[in-house]
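Peer 1: Taken in order, these protein sequences are the chains called R and A.
When we follow this note's numbering, the leftmost residue of the first sequence carries the number 22, and every step to the right adds one.
When we follow this note's numbering, the leftmost residue of the second sequence carries the number 355, and every step to the right adds one.
Positions of the beta carbon are idealized from the N, C-alpha and C atoms, including for glycine.
Bear in mind the structure is a predicted one, so any value in this text is a computation, not a measurement.
Below you will find the structure I want to go over with you.
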Amino acid sequence: MSYVGKILVVIQLVLSLLFMTFAGAVFTVHQNWRAKHDQLSKTLDSTRGELNNFHEELVNARREFETKLAEEIQKAGTLDARNKTLEVQVTQLTSQNEQLQQQQATQTGLAESKAQEAMFRQQEAEKQRVENSKMQTRLDELAGENRELRDTLFVKEEAYRVLNRTYESGLARLAFLTQVVSKAGLETNPEVVAKQAAPAPPVDGLVTRIRTNRANRVEFVEISLGSDDGLVKGNEMDVIRVIGQDRSEWLGRIRIVDLGPDWAVGEVILPSKNGIIKGGDNVTTKLRI
Amino acid sequence: MSRRSSASSDPVPDIYVGLLFVAVGALLTGIVFLALELASYGWQFQ
């Protein structure tokens, strides 16, 4: 065998082995695509059947869903109307809530002020309680003093009754003495007596009438002055006669023995030796000889 | 050109003849594998 033949034999051997190896590998690792195709076809048929069932279920479900959707739309309309009503109510309630919050704020302010006032009143009550205890103590003291004063008052009332009896007896005695003094022709009015003791007021008047005694001497004169001019019984007056511009004559002195509001009667106690008193002469208290 | 042996008429087999038999065996084995593969498809080519 030639050298080329040997090489060809070796090449043929190698190629044969490769062929066997590849064929074995194909046979070993191949998959039966036909069996798989059949299996997948069966699976596809069953899947289509399930798909048809699902489709029918889907149609039924869609119908039910549409029915439910219509119902839900109706419910949604109802709920929408109710929602609008509730929104209106919410608006009203919001406004009411705001008003209530304002009222709450106002009430809170009032409550705080009332609390402060209550605190102040509490403090004031405590002070008043202290003052009350003090006043109670003072009241007890005053009650004691009141009892003492009642005792004193009882004693004083007894003394008053004694004094009243003394006063009444004194009054009876005074009335008796006044009667005696009146019978004696003396003045009993203290004011008149005081005026009699005082000097006569400075007044001027006229002699209106005169009365003479058996000796034809002037005994009483009536003058134009009275008690309204301040005269009282016992006042002494001078009787004068104005002769000219610069001259007058003294006629005597009288003492008032009786008088009225605008008249008085005087007794001549000191007659003049030169003149005789007549009606129209002047009387005065301004002269003091 | 090789010269013919005159002493004996049958040539003596050598290693190369053995290799050729091995190659024949490998070819047959590969053919069997391929046949089995086609058998699994039912001898259908399309």
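1) Does chain A have any CB closer than 7 angstroms to the CB of K27(R)?
2) Residues in its own chain within less than 6 angstroms of E250(R) by CB, not counting five upstream and five downstream?
3) Counting only beta-carbon atoms, is F387(A) nearer than 7 angstroms to chain R?
4) What are the start and end residues of the beta strand (DSSP E) that includes N303(R)?
5) Taking only beta-carbon atoms, is S359(A) less than 7 angstroms away from chain R?
6) Could you tell me which chain R residues have their CB closer than 7 angstroms to the CB of A377(A), listed as they occur along the chain?
7) Taking 7 angstroms as the cut-off, decide whether the C-beta atoms of L318(R) and S293(R) are in contact.
8) Cα separation between L246(R) and E257(R)?
9) So, is the C-beta of L392(A) closer than 7 angstroms to a C-beta in chain R?
10) Under 8 angstroms by Cβ, that's how I've got L308(R) and D259(R) pegged, so tell me the actual separation to the nearest angstrom.
11) Skipping 5 residues on each side, what residues in its chain have a beta carbon closer than 8 angstroms to that of P282(R)?
12) With DSSP as the reference, label F399(A) as helix, strand or coil.
13) Note down, in chain order, every chain A residue with its Cβ under 9 angstroms from the Cβ of G45(R).
14) Just list the beta strand (DSSP E) runs in the region 213-278 of chain R, keeping only unbroken ones of 3 residues or longer that don't cross its boundaries, in chain order.
15) Can you tell me whether R69(R) is buried or exposed, with buried defined as 16 or more other CB within 10 angstroms of its CB?
16) Cβ closer than 7 angstroms: which chain A residues qualify as neighbours of V50(R)?
17) Which chain A residues are close to N53(R), counting only those with a beta carbon under 9 angstroms from its beta carbon?
18) Starting from the beta carbon of V30(R), find every residue of chain A whose beta carbon is closer than 7 angstroms, and list them in chain order.
19) DSSP state of V289(R), grouped into three classes?
20) Taking DSSP as the reference, what is the three-state secondary structure of L207(R)?
21) Determine the direct distance from the alpha carbon of F387(A) to that of L381(A), and round the result to whole angstroms.
22) Cutting at 7 angstroms between CB atoms, please list the residues of its own chain near L270(R), excluding the five before and the five after it.
23) Taking just the CA atoms, how far does G384(A) sit from A393(A)?
24) What are the boundary residues of the alpha helix (DSSP H) that includes L308(R)?
Peer 2: Reading from the atomic positions:
1) The residue given as residue 27(R) occupies position 6 in the first sequence. Cβ-Cβ to chain A under 7 angstroms: yes for K27(R).
2) Mapped onto the first sequence, residue 250(R) falls at position 229. Contrary to the premise, residue 250(R) reads as Asp rather than Glu in this sequence. Excluding positions up to five away in sequence, the list reads V224.
3) Translated into positions along the second sequence, residue 387(A) becomes position 33. By this cut-off, F387(A) is an interface position.
4) Numbered from 1 along the first sequence, position 282 holds the residue referred to as residue 303(R). Residues 303-305.
5) Indexing the second sequence from 1 puts residue 359(A) at position 5. Note on S359(A): pLDDT 48, under 50, position unreliable in the model; the coordinate value appears next. Judged by the 7 angstroms Cβ criterion, S359(A) is not in contact with chain R.
6) Within the second sequence, numbered from 1, the residue matching residue 377(A) stands at position 23. Near A377(A) (Cβ distances below 7 angstroms), the residues of chain R are Q33, L34, S37.
7) Since the displayed chain R opens at 22 and closes at 310, residue 318(R) lies outside it and no answer follows.
8) To locate residue 246(R), count along the first sequence from 1; it is residue 225. To locate residue 257(R), count along the first sequence from 1; it is residue 236. Our two residues, L246(R) and E257(R), have alpha carbons roughly 13 angstroms apart in a direct line.
9) For this step, residue 392(A) is matched to residue 38 along the second sequence. No, its Cβ sits nowhere closer than 7 angstroms to a Cβ of chain R.
10) One-based indexing of the first sequence puts residue 308(R) at position 287. One-based indexing of the first sequence puts residue 259(R) at position 238. 4 angstroms between Cβ atoms; contact.
11) The count along the first sequence starts at 1 and reaches residue 282(R) at position 261. So the qualifying residues of the chain are G247, S248, D249.
12) Numbered from its first residue, the second sequence carries residue 399(A) at position 45. F399(A) falls in the coil class under three-state DSSP.
13) By 1-based counting over the first sequence, the position of residue 45(R) is 24. Those are T383, G384, F387, listed as they occur along chain A.
14) Runs found: 225-233, 239-244, 257-263.
15) The sequence position of residue 69(R) within the first sequence is 48, counting from 1. Label assigned to R69(R): exposed.
16) Numbered from its first residue, the first sequence carries residue 50(R) at position 29. Going along chain A, no residue has its Cβ under 7 angstroms from V50(R), so there is no contact; the nearest lies around 11 angstroms.
17) Along the first sequence, one-based indexing puts residue 53(R) at 32. Within 9 angstroms Cβ-Cβ: S394, Y395.
18) Reading the first sequence from its first residue, position 9 is the one you call residue 30(R). Those are Y370, L373, L374, listed as they occur along chain A.
19) Counting from 1 along the first sequence, the entry for residue 289(R) is found at position 268. If DSSP states are grouped into helix, strand and coil, V289(R) belongs with the strands.
20) Working through the first sequence from its first residue, we reach residue 207(R) at position 186. Residue state, collapsed to three classes: coil.
21) Position 27 of the second sequence, counted from the first residue, corresponds to residue 381(A). Position 33 of the second sequence, counted from the first residue, corresponds to residue 387(A). Roughly 10 angstroms separates the two Cα atoms.
22) For this step, residue 270(R) is matched to residue 249 along the first sequence. Note on identity: in this sequence residue 270(R) is Glu, with Leu being the wrong assignment. Cβ within range, chain order: I261, R262, I264, G296.
23) Counted from its first residue, the second sequence places residue 393(A) at position 39. Counted from its first residue, the second sequence places residue 384(A) at position 30. Rounded to whole angstroms, A393(A) to G384(A) spans 14 angstroms at the Cα level.
24) Position 287 of the first sequence, counted from the start, is the residue given in the question as residue 308(R). No alpha helix (DSSP H) holds L308(R); DSSP gives it neither H nor E.
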